[in-house]
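Working notes for the structure below.
There are 2 protein chains.
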Amino acid sequence: MKVIHSILELRSILKTQRLEGKSIGLVATMGALHQGHLSLLTHSVAQNDLTVCSIFVNPIQFNNPEDLKKYPRQEQKDLDMLREGNCDLVFIPSTDEMYEQTTMIQFNFGHLETVLEGEFRPGHFSGVGVVVSKLFNIIQPDRAYFGQKDLQQLAVIKRLTVELNFPVEVIGVPIMRESNGLAMSSRNLRLSDSEKETAAQLYQSMLKTKDLIASGVSFADAIENTKNEIMSLDNLNLEYLEIVASDTMKVLQNAHDTTDVSICAAAYVSGVRIIDNLYLKQKN
Amino acid sequence: MKVIHSILELRSILKTQRLEGKSIGLVATMGALHQGHLSLLTHSVAQNDLTVCSIFVNPIQFNNPEDLKKYPRQEQKDLDMLREGNCDLVFIPSTDEMYEQTTMIQFNFGHLETVLEGEFRPGHFSGVGVVVSKLFNIIQPDRAYFGQKDLQQLAVIKRLTVELNFPVEVIGVPIMRESNGLAMSSRNLRLSDSEKETAAQLYQSMLKTKDLIASGVSFADAIENTKNEIMSLDNLNLEYLEIVASDTMKVLQNAHDTTDVSICAAAYVSGVRIIDNLYLKQKN
Chain A
1 MKVIHSILEL RSILKTQRLE GKSIGLVATM GALHQGHLSL LTHSVAQNDL TVCSIFVNPI
61 QFNNPEDLKK YPRQEQKDLD MLREGNCDLV FIPSTDEMYE QTTMIQFNFG HLETVLEGEF
121 RPGHFSGVGV VVSKLFNIIQ PDRAYFGQKD LQQLAVIKRL TVELNFPVEV IGVPIMRESN
181 GLAMSSRNLR LSDSEKETAA QLYQSMLKTK DLIASGVSFA DAIENTKNEI MSLDNLNLEY
241 LEIVASDTMK VLQNAHDTTD VSICAAAYVS GVRIIDNLYL KQKN
Chain B
1001 MKVIHSILEL RSILKTQRLE GKSIGLVATM GALHQGHLSL LTHSVAQNDL TVCSIFVNPI
1061 QFNNPEDLKK YPRQEQKDLD MLREGNCDLV FIPSTDEMYE QTTMIQFNFG HLETVLEGEF
1121 RPGHFSGVGV VVSKLFNIIQ PDRAYFGQKD LQQLAVIKRL TVELNFPVEV IGVPIMRESN
1181 GLAMSSRNLR LSDSEKETAA QLYQSMLKTK DLIASGVSFA DAIENTKNEI MSLDNLNLEY
1241 LEIVASDTMK VLQNAHDTTD VSICAAAYVS GVRIIDNLYL KQKN
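In order, the protein sequence lines correspond to chains A and B.
Each step along the first sequence adds one to the number in the working numbering, with nothing skipped, and position 234 is 234.
Each step along the second sequence adds one to the number in the working numbering, with nothing skipped, and position 35 is 1035.
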């Protein structure tokens, strides 16, 4: 496994591989890797001749400077995990390497910017759009793997890829969960064991929402019921809980005309923001 | 010369050529070709193994629907000119081929959006950013050629390319002029001979501005003098006349700290909008 810090060097290696007809998979990460990332890696290794993992904590997608400062970093452990997972190339650029000059460009993803994460994290998806565009253009992968845990991010990246015709197949990979149901996330490193139990309640609540809907309760009633239940819990502060179309993130009152429907939620546990989602209905 | 309408077919042809190590040049046009476009083509043919010219009147960069409707179209003549100019591939997609779904993404280029063309054509540069990103991703050229006549567009495209790391060298090609000095433009097809004479006055005025500055007159005084002169002319309605840094389009009071300085202007002649620019100082 080769570790590369320079864009020029990475491009030069990949150009040679591309001319030999090798297919390239990209797993873009911010480090602090867990089983969720390794699942992305496993998918990429299985489907491509060569897998590049990037580790870059992208400053311009953090709307909260405190969150950026506290974002966990563990480069040596990450490298061990990637080696173990048969990653071929690791790209770890410095912030100066990625942002030679101040970024002037901003993306606006329309409706996708104004709901759920978009509403609570202004500028976040613009930062995601910029860094993903950069990585796509630097690495020019055939396939890129993103976790379904960040479902809205996945929707934004799919939209970016289709609308700008990036020659990349974007693949969403299912959420990995702890045994208690908590969705794996790098930010979980900031939670104690008991806080993780609290955090797992968010998933348990979403399961109940799903059950209520399966038993015929309306979306609105199921959501209200779940919200009330969560409000009665200690230390779990709900930011939003909505049922949406998985590709557009439009809030739905029912699933009649939509093929791909998810429950999405965000909450704070002891100052750490967690997000999660659960498919209600999925395209085959 | 091959004419292609489908993205899939173009990609397939170019993939083969790329694997054979061929370099690709792109000349992106909206058709209604003139000597200015042919100059871009000549540069590309000289520097690349293969040149792709695109002809696509991009609806989303027209802030004025009337301007879109009246934009000149002459496909057969364009194809003859391109064949004559040794173009290899012409890409003529339909609007549906380029915009399968409604565009949700918008670009914001910060300061570049708020001055000169940005001020008078809201949304224009977002549309340019989207279509250029699409063409870069569909064609994946090594080099792309754009006319310096659209100097602010060139600045926007350079910024887009650098900030998003498109693996493309963006090359600005000098303005071609009619014998009376009028900058060549597809929109000139909408002008009568006498209107062209009027339009050429814009260039003559910019030359005088340049002379005044060379003789020691301040930017502000030179601009004021030229504006007054243009206002005394019949049928030439000035929209703006500014001296700017050619890369950032920041309006300048002097050229002390800037290596690349231009006079930029826009005006209406009988309802047709013309733009032009002239270098005052240029990087070597």
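Virtual Cβ for every residue (Gly too), placed ideally from N, Cα, C.
Contact set for residue i: own chain, Cβ-Cβ below 7 Å, skip 5 residues either direction
{"i": "A:HIS34", "result": "MET184, SER186"}
{"i": "B:GLN1106", "result": "SER1126"}
{"i": "B:THR1051", "result": "GLY1025, VAL1027, LEU1041, SER1044, VAL1045, CYS1087, ASP1088"}
{"i": "B:LYS1283", "result": "THR1259, ASP1260"}
{"i": "B:HIS1124", "result": "GLN1061, ASN1063, GLU1117"}
{"i": "B:LEU1135", "result": "LEU1026, ALA1028, SER1054"}
8 Å CB neighbourhood of residue i in its chain, flanking five on each side removed
{"i": "A:LEU207", "result": "GLY181, LEU278"}
{"i": "B:GLU1097", "result": "HIS1005, SER1006, ILE1007"}
{"i": "B:GLU1119", "result": "TYR1240"}
{"i": "B:LEU1212", "result": "ASP1221, ALA1222, ASN1225, THR1226"}
{"i": "A:LEU116", "result": "GLN152, TYR240, GLU242, VAL244, MET249, CYS264, ALA266"}
CB contact check: residue i to chain B, cutoff 7 Å
{"i": "A:PRO141", "result": "no"}
{"i": "A:LYS283", "result": "no"}
{"i": "A:ILE13", "result": "no"}
{"i": "A:ILE24", "result": "no"}
{"i": "A:LYS134", "result": "yes"}
{"i": "A:PRO167", "result": "yes"}
{"i": "A:ASN237", "result": "no"}
Alpha helix (DSSP H) segment containing residue i, residue limits
{"i": "B:GLY1129", "result": "1124 to 1139"}
{"i": "B:ASP1211", "result": "1193 to 1214"}
{"i": "B:LEU1154", "result": "1151 to 1163"}
{"i": "B:GLY1118", "result": "1116 to 1120"}
{"i": "B:ARG1083", "result": "1075 to 1084"}
{"i": "B:ARG1011", "result": "1007 to 1019"}
{"i": "A:GLY36", "result": "35 to 47"}
Residue-chain proximity (residue i, chain A), Cβ-Cβ < 7 Å
{"i": "B:ASN1048", "result": "no"}
{"i": "B:LEU1164", "result": "yes"}
{"i": "B:ILE1230", "result": "no"}
{"i": "B:GLY1110", "result": "yes"}
{"i": "B:ILE1105", "result": "yes"}
{"i": "B:ASN1137", "result": "yes"}
Separation of residue j from residue i, as counted between CA atoms
{"i": "A:GLU163", "j": "B:ASN1228", "result": "46 Å"}
{"i": "B:ARG1177", "j": "B:TYR1203", "result": "10 Å"}
{"i": "B:MET1104", "j": "A:SER194", "result": "42 Å"}
{"i": "B:ASN1237", "j": "B:ALA1267", "result": "5 Å"}
{"i": "B:ASP1247", "j": "B:ASP1234", "result": "33 Å"}
{"i": "A:VAL272", "j": "A:LYS196", "result": "11 Å"}
{"i": "A:SER270", "j": "A:ASN188", "result": "11 Å"}
{"i": "A:THR258", "j": "A:ALA245", "result": "7 Å"}
{"i": "B:ILE1175", "j": "B:GLN1148", "result": "6 Å"}
{"i": "A:PRO141", "j": "B:PRO1141", "result": "16 Å"}
{"i": "A:GLU9", "j": "A:VAL90", "result": "12 Å"}
{"i": "B:GLN1047", "j": "A:THR42", "result": "42 Å"}
{"i": "B:ALA1199", "j": "A:ILE13", "result": "52 Å"}
{"i": "B:LYS1069", "j": "A:ARG73", "result": "55 Å"}
{"i": "A:GLN201", "j": "A:ASN165", "result": "40 Å"}
{"i": "A:CYS53", "j": "A:ARG11", "result": "14 Å"}
{"i": "A:LEU191", "j": "A:SER179", "result": "16 Å"}
{"i": "A:LEU112", "j": "B:ASN1137", "result": "23 Å"}
{"i": "A:GLY110", "j": "A:PHE146", "result": "21 Å"}
{"i": "B:LYS1015", "j": "B:LEU1079", "result": "24 Å"}
{"i": "B:LYS1002", "j": "B:ILE1092", "result": "11 Å"}
Closer than 6 Å: residue i CB and nearest the ligand ZN heavy atom
{"i": "B:ILE1230", "result": "Judged by which ligands are present, the structure shown has none, so any question about the ligand ZN falls away."}
Terminal residues of the beta strand (DSSP E) in which residue i lies
{"i": "A:ASN277", "result": "272 to 281"}
{"i": "A:ILE24", "result": "24 to 29"}
{"i": "B:VAL1289", "result": "In this structure chain B extends from 1001 to 1284, so residue 1289 of chain B is not present and cannot be described."}
Own chain residues within Cβ distance below 6 Å of residue i, not counting five before or after
{"i": "B:ARG1121", "result": "ASN1063"}
{"i": "B:LYS1158", "result": "VAL1170"}
{"i": "A:LEU82", "result": "CYS53, VAL90"}
{"i": "B:ALA1144", "result": "LEU1026, VAL1168, VAL1170"}
{"i": "A:GLN17", "result": "LEU50"}
{"i": "B:SER1023", "result": "ASN1048, ASP1049, ASP1142"}
**Asked** Between the stretch 1150 to 1167 of chain B and the stretch 1037 to 1049 of chain B, do three or more beta carbon pairs fall short of 8 Å?
**Response** no
**Message:** Check whether the stretch 213 to 222 of chain A and the stretch 248 to 268 of chain A touch, using three or more Cβ-Cβ pairs below 8 Å as the test.
**Reply:** yes
**Request:** Specify whether the stretch 125 to 144 of chain A and the stretch 17 to 33 of chain A touch according to this definition: at least 3 beta carbon pairs, one from each stretch, less than 8 Å apart.
**Result:** Under the Cβ criterion (8 Å, minimum of three pairs), the stretch 125 to 144 of chain A counts as touching the stretch 17 to 33 of chain A.
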